[in-house]
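K.L.:
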Amino acid sequence: MTGQFRVASFVPRCHPYVVFSFFPGRHGLAAIFGALELRVLEALWRRGATVSVRELQADFPSAAYTTLMTTLDRLHRKGVLDREKAGRAFVYRPRYTRDELESGVAARALGSLLGDAAAQPVLSFFVDEVSRRDERLLDELERLVQLKRQQNEEGER
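Residue numbers (my numbering): 4 to 160.
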């Protein structure tokens with residue numbers, strides 16, 4: 004796993020040709036990873052250690068070895084797993100913690116939405132959605148905005 008990151012500056016770096024899928028109606032990491040991919044990631048985070056396909060099979064008794072191997076390879080190519088050779092096989096470990104990955108994916112998605120002329124409507128929609136879901140979230144958003152302004156002012160001094 005990686006070291007500590009400042010959430011604001013951390014965005015997972017994936018292979019430039021990899022495009023995360025997006026599954027409408029799903030939330031969190033389930034919105035961008037397939038069901039098996041997410042189950043594999045969760046198993047790796049639980050284990051907290053480097054693991055081979057054979058070792059991981061204990062967590063997936065109904066999955067074929069080749070299915071797990073393909074899923075691990077796909078997650079490696081997406082940039083979310085590290086892989087190294089151990090004898091004749093590969094072993095895998097998560098490149099990011101769950102929190103790092105969730106923060107990075109959110110930052111990447113927001114960055115792409117706010118990077119063009121549509122920034123104002125996106126921000127308006129975001130504030131509307133936050134206030135519609137929970138008034139306390141709107142208060143927390145306001146607190147974070149004030150904190151960021153204070154940090155920016157202190158940085159300018």
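Ideal Cβ placement from N, Cα and C applies to all residues, glycine included.
Count the other C-beta atoms from every protein chain shown that fall within 10 angstroms of the C-beta of Gly107, then say buried if there are 16 or more, exposed otherwise.
P.N.:
On the sequence shown, position 104 is the one that residue 107 refers to. Label assigned to Gly107: buried.
K.L.:
When the distance is taken between beta carbons, is Leu32 closer than 9 Å to Leu104?
P.N.:
Working through the sequence shown from its first residue, we reach residue 104 at position 101. Working through the sequence shown from its first residue, we reach residue 32 at position 29. In contact: Leu104 and Leu32 (Cβ atoms closer than 9 Å).
K.L.:
Might you give, ordered along the chain, the residues of its own chain that have their beta carbon closer than 6 Å to the beta carbon of Ala46, omitting 5 neighbours on each side?
P.N.:
As a working note, residue 46 is residue 43 in the sequence shown. So the list reads Asp62, once near-sequence residues are dropped.
K.L.:
Leu78 and Leu84 look like a contact to me (Cβ under 8 Å); what is the Cβ gap, rounded to whole Å?
P.N.:
Numbered from 1 along the sequence shown, position 75 holds the residue referred to as residue 78. Numbered from 1 along the sequence shown, position 81 holds the residue referred to as residue 84. Correct: roughly 5 Å between the Cβ atoms.
K.L.:
Let me check understanding here. Comparing Cα to Cα, which of Gly158, Pro124, Arg49, Glu145 lies closest to Tyr99?
P.N.:
Position 96 of the sequence shown, counted from the first residue, corresponds to residue 99. Nearest C-alpha to Tyr99: Arg49.
K.L.:
Check whether the Cβ of Ala120 sits closer than 8 Å to any heavy atom of the ligand GTP, and report yes or no.
P.N.:
Absence of the ligand GTP from the depicted structure is noted, as is the absence of any ligand whatsoever, leaving it without description.
K.L.:
Looking only at C-alpha atoms, which of Lys151, Asn155, Thr53 sits nearest to Ala92?
P.N.:
One-based indexing of the sequence shown puts residue 92 at position 89. Per the Cα distances, Thr53.
K.L.:
Around the C-beta of Leu44, are 16 or more other C-beta atoms found within 10 angstroms, so that it is buried, or is it exposed?
P.N.:
Within the sequence shown, numbered from 1, the residue matching residue 44 stands at position 41. Counting Cβ neighbours within 10 Å, Leu44 comes out buried, since at least 16 surround it.
K.L.:
With DSSP as the reference, label Arg146 as helix, strand or coil.
P.N.:
Position 143 of the sequence shown, counted from the start, is the residue given in the question as residue 146. Helix.
K.L.:
Who are Lys88's beta bridge partners in DSSP?
P.N.:
Residue numbering aside, residue 88 sits at position 85 when the sequence shown is read from its first letter. DSSP lists Phe93 as partners of Lys88.
K.L.:
How long is the line joining the alpha carbons of Asp102 and Pro64, rounded to whole angstroms?
P.N.:
One-based indexing of the sequence shown puts residue 102 at position 99. One-based indexing of the sequence shown puts residue 64 at position 61. Their backbone Cα atoms lie some 28 Å apart in a straight line.
K.L.:
Going by DSSP, what residues sit across from Gly134 in a beta bridge?
P.N.:
If you number the sequence shown from 1, residue 134 lands on position 131. Sequence check: residue 134 is Ser here, not Gly. Its beta-bridge partners do not exist; DSSP assigns none.
K.L.:
Suppose the cutoff is 7 Å on Cβ atoms and the five residues either side in sequence are ignored; what does the same chain contact list for Val133 look like?
P.N.:
What you label residue 133 is simply residue 130 of the sequence shown in a count that begins at 1. Contacts found: Leu140, Leu141, Leu144.
K.L.:
Out of Thr69, Tyr95, Ala66, state which residue places its alpha-carbon closest to the alpha-carbon of Gly51.
P.N.:
Translated into positions along the sequence shown, residue 51 becomes position 48. If we check each option's Cα against that of Gly51, Tyr95 comes out closest.
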